[in-house]
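Letter by letter, the sequence shown follows residues 122 to 564 in this note's numbering.
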Amino acid sequence: MKINENCRHILLTLENAGFSAYIVGGCVRDTLMGMPIHDYDITTNALPQEITEVFADYRVIPTGIKHGTVTVLHNGEPFEITTFRIDGEYTDSRRPDSVIFTADLREDLARRDFTVNSIAMDLNGNIFDPFGGEDDIRKGIIRCVGNPTERFNEDALRILRAVRFSSVLGFEIEKNTAKAIHTLKNRLDNISAERISVELMKLLDGFNCIEVLMEYRDIIGQIIPELTAAFDFDQHSPYHKYDVYEHTVRAVHAVPNELECADILRLTMLLHDVGKPAAFRLDENGRGHFKKHAIIGAEMADKILHRLKFDNKTINTVREIIYRHSDEITSEKQIKRILNQIGLDTFLLLIEAKKADNSAKHSFVLAEIDEFNGFAETARRLVAENACMTVSALAVNGDDLMEIGYKGKDIGICLNNMLELIIDEKLQNDREKLLDYAREMKI
Ligand code: ATP
Ligand code: MG
122 MKINENCRHI LLTLENAGFS AYIVGGCVRD TLMGMPIHDY DITTNALPQE
172 ITEVFADYRV IPTGIKHGTV TVLHNGEPFE ITTFRIDGEY TDSRRPDSVI
222 FTADLREDLA RRDFTVNSIA MDLNGNIFDP FGGEDDIRKG IIRCVGNPTE
272 RFNEDALRIL RAVRFSSVLG FEIEKNTAKA IHTLKNRLDN ISAERISVEL
322 MKLLDGFNCI EVLMEYRDII GQIIPELTAA FDFDQHSPYH KYDVYEHTVR
372 AVHAVPNELE CADILRLTML LHDVGKPAAF RLDENGRGHF KKHAIIGAEM
422 ADKILHRLKF DNKTINTVRE IIYRHSDEIT SEKQIKRILN QIGLDTFLLL
472 IEAKKADNSA KHSFVLAEID EFNGFAETAR RLVAENACMT VSALAVNGDD
522 LMEIGYKGKD IGICLNNMLE LIIDEKLQND REKLLDYARE MKI
């Protein structure tokens, strides 16, 4: 078992000061699974004040003193160190009203959510596993520590966390835990949007997310009720082999992990067709149409993401992509127009969204994916060539127009007309030619 040098140093420092100290939670689980560790959580019988004293020469951040957590930085790496604790009463399904510090490691492990997260490991790799977590890791099972109903009633976020771990680790949720998840899902309504969003984003990133999003779609429906109309919604379309929800789920999974903004794109795909049920119309030939679903969906996504307290930049990007996701791209001129509206970065995401969307339809539409890659290349080339796609790139500006007698809103109108003509290749972005045009058009 490999614990990294910085972490060993922290554990040793606590031990040398007479305390016991263990790594715990995700880092132990991931170590036992042979997966990379992204951060270490440490649990100790030292009280927050004592931890602060032991690390007097280090940078110590009082992350959550009330809950017994301080963060110590060593060689720039942060370590969250938490005193062994028992959580007090939960009256709001959110956070314990109080915590009690304890000297007993077992009690600390008992307050944790799932058996696979309730294993502690000391400096020498000795394992403390009172709830059978190692066995559950071997079998690939997510199981509550103790009675699932009680544990979900204490903190309903655990409902979503169970589903998230199932998605990320590819583990099955144990029968009684699964039953309690379905029964108690409405408790999620008490959980803050911020905590929900964090878990949702991790869930979407799991390699097992198709299975989980299908099996636990009621949980998704609890946090995003707007998606429930998509469940089993037959598209009546030759392009689609899945109902709207299954198509959605498969499109989320089709986003390549290596993309820089994969997380935003997954969120986009989760919501890209949320407007479809409301836009649905069946024609006389029995074929489904979803005119304006992208526009309706963009509005709905905006509302959903505000409610889930996502940041404005994410919300705007998702909305802009959904708004255009079903537009056909037919020409370089059109690419220039879209670039003018949303810029290169969002355009490239739009193309990725179109690819993910197509991957979740009948396979004959996959042929379009090459074409989509071509659009991305064209867009990159246009930007690299400094092609004129915005008013600010015109060879003249508002002052120039004022000098030849333009006033007020006529200035903006004229600049935009010139830009349109340039994009349509009917006018060159040449200062003299633009001034001639402006003089000619002046009433
Ligand atoms: P990740 O790999 O995402 O960091 P993790 O298991 O480390 O997974 P964290 O959210 O970092 O998850 O939490 C650290 C540990 O704290 C968990 O492993 C678990 O033991 C405990 N924990 C976290 N949230 C809860 C909760 N809501 N209820 C009970 N225990 C929790
Ligand atoms: Mg963690």
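All C-beta atoms in this analysis are idealised placements derived from N, C-alpha and C, irrespective of residue type, glycine included. Computed from a predicted model, the values in this text were never measured in an experiment.
Residue i versus residue j: straight-line alpha-carbon distance, rounded
{"i": "asparagine 125", "j": "isoleucine 172", "result": "20 Å"}
{"i": "aspartate 448", "j": "alanine 474", "result": "12 Å"}
{"i": "glycine 495", "j": "aspartate 478", "result": "17 Å"}
{"i": "alanine 231", "j": "threonine 184", "result": "22 Å"}
{"i": "glutamate 553", "j": "aspartate 520", "result": "15 Å"}
{"i": "proline 398", "j": "valine 181", "result": "52 Å"}
{"i": "isoleucine 490", "j": "lysine 476", "result": "6 Å"}
{"i": "valine 486", "j": "glycine 396", "result": "22 Å"}
{"i": "phenylalanine 468", "j": "leucine 460", "result": "6 Å"}
{"i": "valine 319", "j": "threonine 134", "result": "33 Å"}
{"i": "threonine 152", "j": "lysine 123", "result": "8 Å"}
{"i": "arginine 129", "j": "tyrosine 161", "result": "10 Å"}
{"i": "valine 333", "j": "threonine 389", "result": "18 Å"}
{"i": "asparagine 297", "j": "aspartate 339", "result": "17 Å"}
{"i": "phenylalanine 140", "j": "leucine 321", "result": "37 Å"}
{"i": "isoleucine 158", "j": "alanine 375", "result": "25 Å"}
{"i": "alanine 299", "j": "threonine 511", "result": "53 Å"}
{"i": "arginine 501", "j": "asparagine 507", "result": "10 Å"}
{"i": "threonine 349", "j": "isoleucine 341", "result": "8 Å"}
{"i": "leucine 555", "j": "lysine 457", "result": "19 Å"}
{"i": "proline 169", "j": "glycine 267", "result": "27 Å"}
{"i": "aspartate 355", "j": "phenylalanine 401", "result": "10 Å"}
{"i": "isoleucine 163", "j": "threonine 203", "result": "6 Å"}
{"i": "lysine 547", "j": "leucine 426", "result": "41 Å"}
{"i": "asparagine 538", "j": "glutamine 549", "result": "13 Å"}
{"i": "leucine 542", "j": "isoleucine 472", "result": "25 Å"}
{"i": "glutamate 379", "j": "leucine 386", "result": "12 Å"}
{"i": "phenylalanine 252", "j": "cysteine 382", "result": "38 Å"}
{"i": "tyrosine 444", "j": "glycine 526", "result": "39 Å"}
{"i": "aspartate 423", "j": "histidine 368", "result": "21 Å"}
{"i": "methionine 335", "j": "isoleucine 263", "result": "17 Å"}
{"i": "isoleucine 436", "j": "aspartate 384", "result": "13 Å"}
{"i": "threonine 223", "j": "glutamate 271", "result": "21 Å"}
{"i": "proline 269", "j": "serine 513", "result": "60 Å"}
{"i": "lysine 187", "j": "threonine 165", "result": "15 Å"}
{"i": "glycine 246", "j": "alanine 488", "result": "52 Å"}
Rounded distance between the beta-carbons of residue j and residue i, thought under 8 Å
{"i": "tyrosine 143", "j": "aspartate 257", "result": "Actually they do not touch by this definition, with Cβ atoms about 19 Å apart."}
{"i": "phenylalanine 235", "j": "cysteine 265", "result": "6 Å"}
{"i": "alanine 81", "j": "tyrosine 363", "result": "The question about residue 81 has no answer here: the residues shown for the chain are numbered 122 through 564."}
{"i": "leucine 470", "j": "threonine 438", "result": "7 Å"}
{"i": "glycine 146", "j": "asparagine 274", "result": "Incorrect: roughly 22 Å between the Cβ atoms, too far for contact."}
{"i": "phenylalanine 205", "j": "aspartate 225", "result": "7 Å"}
{"i": "asparagine 196", "j": "asparagine 137", "result": "That pair is no contact at about 18 Å."}
{"i": "histidine 357", "j": "glycine 409", "result": "3 Å"}
{"i": "leucine 522", "j": "cysteine 535", "result": "6 Å"}
{"i": "tyrosine 558", "j": "histidine 483", "result": "That belief does not hold up - the Cβ atoms of tyrosine 558 and histidine 483 are roughly 48 Å apart, past 8 Å."}
{"i": "alanine 283", "j": "isoleucine 294", "result": "6 Å"}
Distance CB(residue i)-CB(residue j) smaller than 9 Å
{"i": "aspartate 353", "j": "tyrosine 337", "result": "no"}
{"i": "glutamate 315", "j": "lysine 430", "result": "yes"}
{"i": "glutamate 201", "j": "threonine 212", "result": "no"}
{"i": "valine 149", "j": "isoleucine 248", "result": "yes"}
{"i": "glutamate 210", "j": "aspartate 218", "result": "yes"}
{"i": "valine 373", "j": "isoleucine 331", "result": "yes"}
{"i": "isoleucine 463", "j": "glutamate 492", "result": "no"}
{"i": "isoleucine 207", "j": "valine 220", "result": "yes"}
{"i": "leucine 281", "j": "isoleucine 240", "result": "no"}
{"i": "aspartate 453", "j": "leucine 503", "result": "In the sequence on display, residue 453 carries glutamate and not aspartate. Against a cut-off of 9 Å, the Cβ pair of leucine 503 and glutamate 453 comes out as a contact."}
Closer than 8 Å: residue i CB and nearest ligand 4 heavy atom
{"i": "glycine 533", "result": "Only ligand 1 and ligand 2 can be found as ligands here, which leaves ligand 4 out of the picture."}
Interface flag, residue i vs chain B, CB-CB below 9 Å
{"i": "isoleucine 263", "result": "Looking for chain B here will not work: only one protein chain is present."}
Could you name the residues, in chain order, whose CB is less than 7 Å away from a heavy atom belonging to ligand 1? Val145, Gly146, Gly147, Cys148, Arg150, Asp151, His159, Asp160, Asp162, Arg232, Arg233, Asp234, Asn238, Ser239, Asp276, Leu278, Arg279, Arg282, Lys323
Using 8 Å as the Cβ pair cut-off and three pairs as the minimum, do the segment 490–505 and the segment 527–534 touch? no
Touching or not, the segment 380–396 and the segment 306–314, by the rule of three or more beta carbon pairs under 8 Å? no
Validate contact between the segment 287–307 and the segment 412–419 using beta carbons, cut 8 Å, 3 pairs: no
Pairing CB atoms from the segment 321–331 with CB atoms from the segment 282–291, are three or more of them under 8 Å? Proximity of the segment 321–331 to the segment 282–291 meets the contact definition, three or more beta-carbon pairs being nearer than 8 Å.
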